[in-house]
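Participant: Below: one structure in structure tokens.
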Amino acid sequence: MAHSGSLSPPLPPTAKLNQFTLTWFIFSSVYAIVSIAITKAFSYFLPQPKVSWPKVKDSQSNLPLSDSITIVTGANSGVGYEIAKAHFQKGSDVVLACRNKERGEKAIEDILKESNISPSDNSSKRLRLITLDTVSLDSVRAFVQEFKRCFPGRKVDYLFLNAGIAQKPYDANRFTPDGLEYMYATNFLGQFLLTGLLSSSFSDSIRIISTSSQGASQAKLDPKLAIKGPGKPDEKTNMSKYQVEAGFHTAKVPPVFDAILSLIKLDLFNQYGQTKAMQVAFGNILQNKFDLAAKERGNARRKFAAAFHPGFVATNIFKGFFTPDQTTVISIAQAIIRFLAITPKEGAQAGLWLAHTYDARPGAFYDRDIELVLPWYRSYDDQLADRLWQRWNNDADLKESDWTF
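So the mapping is simple: my numbering equals the position in the sequence shown, first residue as 1, plus 39.
Encoded structure:
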């Protein structure tokens with residue numbers, strides 16, 4: 040029997056994409072919130088050493104930073120912007136390392152306005168914009184050269200590794216011209232290279248703080264991961280060898296779960312968690328190298344590296360989930376985020392505290408007021424740390440001799 044009603048006309052492709060993205064965003068938001076809640080619940084059954092520290096909101100008090108240099112990646116918005124503003128207001132020379140020049144200039148304008156300082160005031164010169172796109176290793180190298188040109192002989196006192204994305208832009212290739220997986224390059228390796236190239240310019244009391252995430256708790260780093268990637272492609276390269284590596288780019292899970300994650304488009308959350316875990320592991324490895332070098336020199340520990348989870352913050356990190364024409368979806372997503380999230384200023388407080396406290400354990404990972412013990416720590420040992428260190432250096436084309444600890 041024929042259907043008596045008229046059929047609705049098919050939706051245009053953009054509308055279908057909008058519907059799909061909205062469904063995916065809502066599902067992904069619920070997934071993320073539930074995952075964080077479960078992680079929090081289980082964390083109470085793991086050893087969680089409490090630390091004694093001031094209230095997060097007081098972390099900026101009494102911090103004279105005159106004559107210091109601060110570099111903040113991803114400083115044009117969100118947590119990075121608030122950190123850059125706080126250090127500028129306390130007297131530090133602040134370098135905003137931003138991918139987009141116009142947005143970086145707008146950030147400087149806003150910081151001066153919120154600090155009640157005229158652009159013509161001499162103190163405004165303590166804000167400097169140097170463009171940096173962490174997805175590109177060439178951009179990182181150019182940034183370091185420009186920094187050394189602008190600040191000859193000066194030492195870096197604070198390095199905030201804050202730049203990051205939750206998903207690659209919709210129109211970007213999966214692998215960069217350097218042959219690196221896009222999210223891995225953006226969230227981690229570019230800033231790893233930045234740290235290595237700047238290491239000879241670090242002060243004796245450098246503080247390196249990475250903005251990580253609770254997403255790091257879902258990571259699975261393979262103790263047998265390859266220590267060499269496929270390398271940089273050329274015109275003769277067969278791009279089929281550039282594959283996402285389970286246990287490195289993504290968590291190593293049973294094939295059936297991997298298929299489900301791909302089907303419901305949550306494999307990118309998987310990758311995001313891996314990069315956030317790498318930031319945590321990097322802080323730990325770097326701190327161990329700082330401590331070993333200090334011991335060999337007969338010095339007390341002074342250099343410090345750590346990572347922190349800022350909380351669920353209302354920032355632009357989710358922007359890559361949408362295409363520019365998805366205005367309705369973007370508006371709904373922003374409303375959801377504003378309802379659930381804390382402000383960037385609140386999210387920045389733990390990072391600012393880590394940059395100045397002596398109560399935090401060096402090389403650790405903090406969720407605001409407690410040091411976290413992540414599930415994958417059970418399989419994290421010296422062998423895995425060594426393999427990660429070798430892989431990162433190989434991917435960034437760095438040698439051990441390029442580092443100054």
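No residue lacks a Cβ here, since even glycine has one placed at the ideal position from N, Cα and C.
On a predicted model such as this, the values are computed, not experimentally measured, just so you know.
Could you please give the first and the last residue of the uninterrupted alpha helix (DSSP H) stretch that includes histidine 395?
Facilitator: 383-395
Participant: In angstroms, rounded to a whole number, what distance separates the CA positions of glycine 203 and threonine 173?
Facilitator: 9 Å
Participant: Does DSSP put tyrosine 179 in a helix, a strand or coil?
Facilitator: The residue asked about is misnamed: residue 179 is valine in this sequence, not tyrosine. Three-state DSSP puts valine 179 in a helix.
Participant: Note down, one range per segment and in chain order, each beta strand (DSSP E) of at least 3 residues found wholly within the stretch 193-262.
Facilitator: 195-200, 241-250
Participant: Assign leucine 219 to one of two classes, buried (16 or more other C-beta atoms within 10 Å of its C-beta) or exposed (fewer than that).
Facilitator: The residue in question, leucine 219, is buried, as its Cβ has 16 or more Cβ neighbours within 10 Å.
Participant: Quick one: Cα of aspartate 406 to Cα of tyrosine 416, how far?
Facilitator: 16 Å
Participant: Given a cut-off of 8 Å, decide if asparagine 201 and isoleucine 266 are closer than it, judged by their beta-carbon atoms.
Facilitator: no
Participant: By how many angstroms is the C-alpha of tryptophan 442 removed from the C-alpha of asparagine 432?
Facilitator: 10 Å
Participant: Quick one: residues in its chain with C-beta nearer than 7 Å to the C-beta of histidine 446, no 5 flanking neighbours on either side, listed in chain order?
Facilitator: Beyond the ends of the chain as shown, which are 40 and 444, falls residue 446; an answer cannot be given.
Participant: According to DSSP, is glycine 322 part of a helix, a strand, or is it coil?
Facilitator: helix
Participant: Helix, strand or coil: how does DSSP classify threonine 173 here?
Facilitator: In this structure, threonine 173 counts as coil in the three-state DSSP scheme.
Participant: Label isoleucine 169 either buried or exposed according to how many other C-beta atoms from any shown protein chain fall within 10 Å of its C-beta, with 16 as the threshold for buried.
Facilitator: buried
Participant: How should arginine 336 be labelled, buried or exposed, when 16 other C-beta atoms within 10 angstroms of its C-beta is the threshold for buried?
Facilitator: exposed
Participant: Under DSSP, the beta strand (DSSP E) around histidine 348 begins and ends at which residues?
Facilitator: 343-348
Participant: In three-state DSSP terms, what is isoleucine 150?
Facilitator: Correct three-state label for isoleucine 150: helix.
Participant: For aspartate 398 and phenylalanine 186, I'd like the C-alpha separation in whole angstroms.
Facilitator: Counting only the Cα atoms, phenylalanine 186 lies some 31 Å from aspartate 398.
Participant: Where do the N-terminal and C-terminal ends of the alpha helix (DSSP H) with isoleucine 266 fall, by residue?
Facilitator: Segment: none, isoleucine 266 is in no alpha helix (DSSP H) and carries neither H nor E.
Participant: Among the residues of its own chain, which have a CB less than 8 Å from the CB of alanine 435, if the five just before and after it don't count?
Facilitator: Leu176, Leu228, Phe231, Leu232, Gly235
Participant: Does the Cβ of arginine 341 have 16 or more other Cβ atoms within 10 Å, making it buried, or fewer, making it exposed?
Facilitator: exposed
Participant: Per the DSSP calculation, leucine 168 is bridged to which residue(s)?
Facilitator: Leu135
Participant: Tell me whether the beta-carbon of threonine 112 lies closer than 8 Å to the beta-carbon of phenylalanine 199.
Facilitator: Yes, they are a contact pair.
Participant: So which of Arg138, Ser163, Glu144 has the shortest CA-CA distance to glycine 130?
Facilitator: Ser163
Participant: Looking only at its own chain, which residues have a Cβ that is under 6 Å from the Cβ of glycine 254, when we skip the five neighbours before and after it?
Facilitator: Tyr311, Gly312, Lys315
Participant: Can you tell me the Cα-Cα spacing of leucine 427 and serine 418, whole angstroms?
Facilitator: 13 Å
Participant: Using only the alpha-carbon positions, how far apart do leucine 325 and glycine 192 sit?
Facilitator: 23 Å
Participant: If you compare alpha carbons, which of Val319, Gln318, Ala344, Tyr120 is closest to lysine 328?
Facilitator: Among Val319, Gln318, Ala344, Tyr120, the Cα nearest to that of lysine 328 is on Ala344.
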